[in-house]
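Asks: Quick one: this structure, given as structure tokens, is what I'll be asking you about.
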Amino acid sequence: MSPMCSGWENRIGRRLKLRDLHILSTVIEWGSMAKGARYLGMSQPAVSEAIAGLEDVLRVRLLDRSPGGVEPTIYAHALLKHGHVAFDELREGIKEIDFLSDPSVGEVRIGCPESMTAGFVSAVVDQFSRRHPRVVVRVVNAQTAEQEFRELRERSVDLMVGRIHKPLATKEVNVELLCRDKFFVVAGVRNRWVRREKIAFAELMDEPWILFPPGSLIMSYVEEALRAKGLQLPRETVTSFSLHLRMQLLATGRFLTVLFGSVLLHNAKRWSLKALPVNMGIPPVPVGVFTLKNRTLSPVVQLFVEQARATASQSLMKGPKGV
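In our numbering, the protein residues as written are 2 to 324.
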């Protein structure tokens with residue numbers, strides 16, 4: 002046995018306990034031995050003993066103690082950084098055991114922006130839940146455009162779904178391209194422009210518009226496309242990221258907006274919307290699934306990714322027929 006392996010066995014391997022790591026993490030989260038002990042349902046001396054044991058095994062101080070509570074040292078940060086990965090992998094291992102014992106149950110945690118839940122992701126979830134009705138799907142609002150991937154890094158979601166607005170800048174995340182999403186100029190069916198068979202963008206400049214906030218990535222696409230046509234942005238009437246507000250206002254028949262084809266496809270009938278025959282001149286934006294590299298995905302999560310591929314292949318992102 003090598004000296005390194007021997008050191009691991011004698012110093013850490015036989016003495017480091019997952020329970021003690023969990024206790025340390027909880028105490029740091031609560032910022033107090035007493036509060037952490039209450040949360041864990043343990044006595045404060047037992048919590049102190051567990052952490053002292055960890056410090057003895059690792060031969061470093063893990064907590065700085067004061068009358069106001071405790072603060073993690075640099076050693077505690079380093080330990081828990083990798084400890085969270087270990088706990089996550091164990092959690093995924095347990096999920097896999099549950100799946101192997103009963104393939105019909107499980108959980109999938111998804112992070113995506115609102116514009117994806119209003120179209121593509123809702124279609125994937127619908128089809129997935131029909132095939133796997135006992136699997137719990139948890140969807141949280143999470144932005145992928147800026148590529149921070151906080152939820153993935155913190156392992157609070159299993160995967161993220163979003164549009165790829167620029168080359169992936171991080172080496173920690175994998176992305177699988179699913180399809181491409183088109184832009185459309187959209188109006189309610191009561192709007193006077195829906196009766197026109199051909200429209201130049203310049204004709205719409207003085208109409209009431211619902212635009213995305215200035216400085217947003219979507220607006221940068223629109224601005225660039227208009228500059229290529231020698232045009233400025235339309236007159237601002239309403240600016241918002243809210244899709245619900247956008248749908249409500251479009252249904253009045255007064256407003257125009259720009260929507261992705263995936264959003265329009267799943268909302269056109271419900272909100273009486275129609276794409277206008279306007280050439281935006283904006284290339285379609287890729288849509289992808291983002292996962293953390295070197296992280297084990299449970300079989301249920303892999304099934305969800307397979308469903309996302311299948312849904313994307315069913316031409317859901319090509320936009321309304323005839324446009």
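Built from N, CA and C at the ideal position, the CB exists for glycine as well. Please read all numbers here as calculations on a predicted model, not as lab measurements.
To which residues does DSSP link S67 through a beta bridge?
Replies: On the sequence shown, position 66 is the one that residue 67 refers to. Its beta-bridge partners are G70.
Asks: Over what stretch of residues does the alpha helix (DSSP H) that includes K275 continue unbroken?
Replies: Residue mapping note: residue 275 aligns to position 274 of the sequence shown, counting from 1. It is not in any alpha helix (DSSP H) - K275 instead sits in the beta strand (DSSP E) that spans L274 to A276.
Asks: Quick check on T312: does DSSP put it in helix, strand or coil?
Replies: By one-based count along the sequence shown, residue 312 stands at place 311. T312: helix per DSSP, three-state reduction.
Asks: Counting Cβ pairs, one atom from each stretch, are 3 or more of them under 8 angstroms apart for the stretch 134-142 and the stretch 98-116?
Replies: Judged by Cβ distances under 8 angstroms, the stretch 134-142 makes contact with the stretch 98-116, as three or more pairs qualify.
Asks: Would you grab the beta carbon distance between V71 and G32 for me? Rounded to a whole angstrom, and I think it's under 8 angstroms.
Replies: Here residue 71 refers to the residue found at position 70 when the sequence shown is read from its first residue. Here residue 32 refers to the residue found at position 31 when the sequence shown is read from its first residue. V71 to G32, Cβ: 6 angstroms. Contact.
Asks: Go to G37, then tell me how far its alpha helix (DSSP H) extends in each direction, as first and last residue.
Replies: For the purposes of this step, residue 37 is taken as residue 36 along the sequence shown, with counting starting at 1. It spans M34 to L41 - the alpha helix (DSSP H) in which G37 sits, taken as one unbroken run.
Asks: I want to check one thing, is the minimum distance from the CB of A269 to the heavy atoms of the ligand GTP below 8 angstroms?
Replies: Ligands in the displayed structure: none, and consequently the ligand GTP is not present.
Asks: Short of 8 angstroms in beta carbon distance, which residues of its chain neighbour Q45, apart from the five on each side in sequence? Order them along the chain.
Replies: Taking the first residue of the sequence shown as 1, we reach residue 45 at position 44. These residues qualify, in order along the chain: M34, A35 and A38.
Asks: Please tell me whether N192 and L257 are closer than 9 angstroms, where the distance is taken between their beta carbons.
Replies: As a position in the sequence shown, residue 192 is number 191, starting the count at 1. As a position in the sequence shown, residue 257 is number 256, starting the count at 1. Closer than 9 angstroms, so yes.
Asks: Distance check for E224 and V306, CA to CA, integer angstroms please.
Replies: Against the sequence shown, residue 306 aligns to sequence position 305. Against the sequence shown, residue 224 aligns to sequence position 223. Using only the alpha carbons, I get a separation of about 34 angstroms.
Asks: Rounding to the nearest angstrom, what Cα-Cα distance links W210 and Q249 in this structure?
Replies: Residue mapping note: residue 210 aligns to position 209 of the sequence shown, counting from 1. Residue mapping note: residue 249 aligns to position 248 of the sequence shown, counting from 1. Approximately 13 angstroms between the Cα atoms of the pair.
Asks: How big is the Cα-Cα spacing for L298 and V190?
Replies: Numbered from its first residue, the sequence shown carries residue 298 at position 297. Numbered from its first residue, the sequence shown carries residue 190 at position 189. The alpha-carbon atoms of L298 and V190 are separated by roughly 44 angstroms.
Asks: To the nearest angstrom, report how far apart P1 and E30 are at their CA atoms.
Replies: In the structure displayed, the chain extends from 2 to 324; residue 1 sits before or after that span and is not available.
Asks: Is the number of C-beta pairs between the stretch 165-172 and the stretch 237-252 that are closer than 8 angstroms three or more?
Replies: Verdict: no, contact absent.
Asks: Residues in its own chain within less than 6 angstroms of E208 by CB, not counting five upstream and five downstream?
Replies: In the sequence shown, counting from the first residue as 1, residue 208 sits at position 207. Around E208: L257.
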